[in-house]
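Quick note, this note's numbering runs 17 ahead of the 1-based positions in the sequence shown. A virtual CB, placed ideally from N, CA and C, is assigned to each residue, including glycine. Scroll down for the structure; my scribbles are underneath it.
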Amino acid sequence: MNVTIYGSGYVGLVTGACLAQVGNHVLCVDIDQAKTERLRRGQIPIFEPGLEDMVLENAKAGRLAFTADPAEGVEHGLFQFIAVGTPPDEDGSADLQHVLAVARSIGEHMHSYKIIVDKSTVPVGTADRVRETASTALAARGATEDFDVVSNPEFLKEGDAIGDFMRPARIIVGTDNERSAELLRALYAPFNRNHDRLIHMDVRSAELTKYAANAMLATKISFMNELAGLAERLGADIEQVRVGIGSDPRIGYHFIYPGAGYGGSCFPKDVKALERTARGVGYSTPVLSAVEEVNARQKQVLFEKISAHYGDDLSGRRFALWGLAFKPNTDDMREAPARTLMEALWAKGAQVQAFDPEAADEARRIYGDRPDLVLCDSPEAALEGADALVVVTEWNQFRSPDFERIRNTLKDPLIFDGRNLYDPDFLTQQGITYYAIGRGIASRD
Ligand SMILES: NC(=O)c1ccc[n+]([C@@H]2O[C@H](COP(=O)([O-])OP(=O)(O)OC[C@H]3O[C@@H](n4cnc5c(N)ncnc54)[C@H](O)[C@@H]3O)[C@@H](O)[C@H]2O)c1
């Protein structure tokens, strides 16, 4: 089948590569001309495991192409996937300008039946606005082509996006008509072989399902972070509590890790947008407000531990930071806890020596050259001349480091661990002072 995908970011590029991988002819449209040029030359603008090989292989096979020309995109695909960004507006609501710009352009250029598939995360009611926008553009040129609008939210996780797309836990298809539902079922058939994972529902419910999923996951994280703060103050160990509650099948072990707060391009903006949607219909959502409030507080916790140890004035101090990306296996630093921490450290005069396996370029892009940020080539290099180590992202390579080397390199044998990667007793034996999240037991003696 012929598929057009607008937006060559994390979602659009993964969707395009995976749909091409199973034999479809995919054209990716992005208004960022420089990005499109790079993709044409085989340069992948983001880091996502397995993506580069898949893009190159399918481009070479002639099943995946890139353009900045929307008219070409509209002409190409029966399916017109919208996977552009929906960043937060000033008031927290989702900014739909990019989604609606695509809808308008489809209306302006279409000459045959199209299925417009909303893959971006968009508030309830957006499919109606997409339909209106495309209809208005069609009417403006006196055209009457038929089209359908489907909500097909994306649930992939950065870091494991290809696995999630190829073997989805569910495929949500929100549409009020059978024709487009059946065509989407056919498009997704290669990813739906083991058992039927396609859930067909009405459009508004599909739109809400995406926000509900992210809000639930964010709630689990904030709940555990709140309990971690309590455990710390009560002399309990949240890691033991985590294992204790996770054993209940009604709770489960997934997504109950305490940490340095959630970040990324989705949870923060989606929780805010859902809250904003609720306010728009006169309904209060105290759980969502608390989830956000707890997360904002949690993103300060590492800094608070550092200033509790060193005092308020950090001028002349240097901190080794392991991890910049908001989570492992991505280079994405949107809303990353590392940003909150670095900015707080800089505001108090400290310097940062950071290492991240993939996000250094992104950090350079965000912060530019500044004297208080040194981007290092290895975890060990980040330790050189530093006062203490702060672990912010749980990349695998940080899980079992050479503690002796850490102790001997740092000025103070001190680790602030925002991900609870290490055994407090073992670190004490190693002569390292260890501050973790919610591990009151570590500081009980
Ligand atoms: N990143 C994730 O893990 C994830 C997961 C599920 C859902 N989502 C949702 O998917 C959507 C896209 O997210 P992303 O992380 O891929 O965004 P992104 O910022 O990585 O990419 C968006 C791309 O869209 C392009 N774009 C903007 N306007 C355009 C237009 N009119 N025509 C063509 N291209 C245009 C931009 O240049 C950019 O390359 C968002 O709504 C997001 O909430 C993201």
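Local conformation of residue i per DSSP, three classes
i	result
Leu406	strand
Gly40	coil
Gly191	strand
Tyr228	helix
Arg58	coil
Ser168	strand
Lys316	coil
Gln414	helix
Ile22	strand
Phe208	helix
Val341	The sequence shown places Leu at residue 341, not Val. If DSSP states are grouped into helix, strand and coil, Leu341 belongs with coil.
Leu392	strand
Asp349	coil
Arg456	strand
Leu173	coil
Ala367	coil
Val139	coil
Tyr384	helix
Leu427	coil
Leu215	strand
Asp265	coil
Asp462	Here Asp462 scores only 42 on pLDDT, less than 50, and its place in the model is too uncertain to base an answer on.
Asp70	helix
Asp3	It is not possible to answer for residue 3, since the shown part of the chain is limited to 18 through 462.
Phe372	strand
Tyr439	coil
Asp254	strand
Thr161	coil
Reference residue i; option with closest CA among the options
i	options	result
Gly340	Pro354, Asp330, Leu155	Pro354
Gln38	Asp330, Asn75, Ser282, Ala399	Asn75
Arg221	Glu175, Asn169, Arg202	Asn169
Ala405	Arg335, Gly269, Arg351	Arg335
Arg416	Ile383, Tyr384, Asp440	Asp440
Glu463	Gly109, Val91, Lys52, Phe208	No statement about residue 463 is possible, as the shown extent of the chain runs from 18 to 462 and does not include it.
Asp442	Leu56, Asn413, Asp254, Leu362	Asp254
Gly280	Asp348, Ala248, Val304, Asp330	Asp348
Trp412	Ala78, Gly333, Asp373, Leu200	Asp373
Ala376	Pro105, Leu400, Thr410	Thr410
Ala337	Glu401, Arg456, Gln447, His217	Glu401
Ile48	Val116, Asn437, Asp177	Val116
Leu81	Pro66, His126, Gly385, Leu30	Leu30
Ser10	Lys322, Phe320, Lys289, Ala206	This structure leaves residue 10 out entirely; the chain is present only between 18 and 462.
Gly333	Trp363, Phe343, Asn346	Trp363
Leu155	Glu125, Phe420, Ser25	Glu125
Pro418	Gln447, Cys393, Arg210	Gln447
Close-in-space but distant-in-sequence residues of the same chain around residue i (CB under 6 angstroms, 5 per side omitted)
i	result
Ser301	none
Glu397	none
Phe284	Asn231, Ala235
Ile268	Ile262
Val166	Ile133, Ala144, Val147, Arg148
Met241	Ile273, Pro275
Phe83	Cys45, Thr53, Leu56, Arg57
Asn19	His42, His93, Gly94, Leu95
Leu444	Tyr451
Gln317	none
Met127	Val91, Glu162
Leu358	Leu319, Phe320
Ser460	Because Ser460 sits at a pLDDT of 48, beneath the cut-off of 50, its placement in the model cannot be relied upon, and the point is left open.
Ala178	Val31, Glu65
Neighbourhood of residue i by C-beta, 7 angstroms cutoff - its chain only, sequence neighbours within 5 removed
i	result
Thr450	Pro430, Leu431
Asp193	Asp219, Val220
Val298	none
Own chain residues within Cβ distance below 8 angstroms of residue i, not counting five before or after
i	result
Asp181	Phe172, Leu173, Lys174
Thr32	Ile22, Phe98, Ala100, Lys136, Glu171, Phe182
Leu244	Ile255, Val258, Pro275, Gly455
Ala468	Residue 468 is absent from the structure shown; the chain starts at 18 and stops at 462.
Leu204	Met18, Val20, Leu36, Asn41, Phe96
Lys365	Ser324, Asp329, Asp330, Leu331, Ser332
Inset, instruction - Check whether the region 137-151 touches the region 286-303, counting contact only when three or more Cβ pairs, one atom from each stretch, lie closer than 8 angstroms. - result: yes
Inset, instruction - Answer yes if the region 352-371 comes into contact with the region 380-397, meaning at least three C-beta pairs across the two stretches below 8 angstroms, and no otherwise. - result: yes
Inset, instruction - Please confirm if the region 118-126 is in contact with the region 145-162, defined as three or more CB-CB distances below 8 angstroms between the two stretches. - result: Yes: at least three Cβ pairs fall under 8 angstroms.
Inset, instruction - Mind listing, in chain order, the continuous alpha helix (DSSP H) runs of no fewer than 4 residues lying wholly within the region 271-336? - result: 284-297, 303-315, 318-327
Legend entry - In chain order, each beta strand (DSSP E) run of at least 3 residues that lies wholly inside the region 75-134: 81-84, 96-99, all fully within the region 75-134.
Legend entry - Inter-stretch contact (C-beta, 8 angstroms, three-pair minimum) for the region 21-37 and the region 66-73: yes
Legend entry - At least three beta-carbon pairs within less than 8 angstroms, the region 90-100 to the region 57-68: no
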